[in-house]
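Scroll down for the structure; my scribbles are underneath it.
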Amino acid sequence: MQIHRKGTHPKAQGDPAYFTGPVEVETLLEAPPPARVRVARVRFAPGARTHWHTHPLGQTLVVLEGVGWVQEEGGPKQEIREGDVVWFPPGVKHWHGAAAHTPMVHLAIQEAQEGQTAHWLEPVSEEQYQG
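Going from the sequence shown to my numbering is simple: count from 1 and add 2.
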């Protein structure tokens, strides 16, 4: 058993190669092999968001605070709020982030395949973000 205490997790600013706007990523868990699960708390400033991306084994988001938006390629942008849980199936191109005027915090839960949890793609354009 491992217990990861509050305040002991590494935090980093979101890499501009993967995010638009101010984002903080706090790695909560990277389970040792053979487990593959990884969990992060991600804080998005108003208007901040991921780039388009996919996950080889899917992704679950649990919204902890605020209001955000999610979108799958070809689908409508949808609002998410505190308490909502979002599942993106493996390989589905999508993005997620805060609403334009409200911050948002979520847990991101995904599994690694051959060490990779995501395949990062192009930024979400302002037109796509505003929807």
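Glycine included, C-beta positions come from ideal geometry on N, C-alpha and C.
Helix, strand or coil for Gln80, going by three-state DSSP, please let me know. strand
Would you mind working out which of Arg51, Lys79, Arg83 sits nearest Pro125, comparing C-alpha positions? Arg51
Look at Gly68 and Met106 and say whether their C-beta atoms are less than 9 Å apart. Met106 is positioned such that its CB atom lies closer than 9 Å to that of Gly68.
Decide if Val25 is buried, meaning its Cβ has at least 16 other Cβ atoms within 10 Å, or exposed. Val25 should be labelled buried.
Those runs of the beta strand (DSSP E) which lie wholly inside the stretch 11-41 and span at least 3 residues: 13-15, 25-32
Could I get the ranges of all uninterrupted beta strand (DSSP E) runs contained in the stretch 82-127, with 3 residues as the minimum, in chain order? DSSP runs (the beta strand (DSSP E)) wholly in the stretch 82-127: 87-90, 96-100, 106-113.
Beta carbon of Arg43, beta carbon of Val27: below 9 Å? Cβ atoms of Arg43 and Val27: closer than 9 Å.
Here's a check: name, in chain order, each residue in its chain whose Cβ is nearer than 8 Å to the Cβ of Leu66, leaving out the five neighbours to either side. Arg43, Glu84, Val107, His108, Leu109
Taking the alpha carbon of Ala100 as the point to measure from, which residue in Gln4, Pro12, Gln112, Thr22 has its own alpha carbon closest? Thr22
Once the 5 residues before and after Ala37 are set aside, which same chain residues still bring their CB inside 7 Å of it? none
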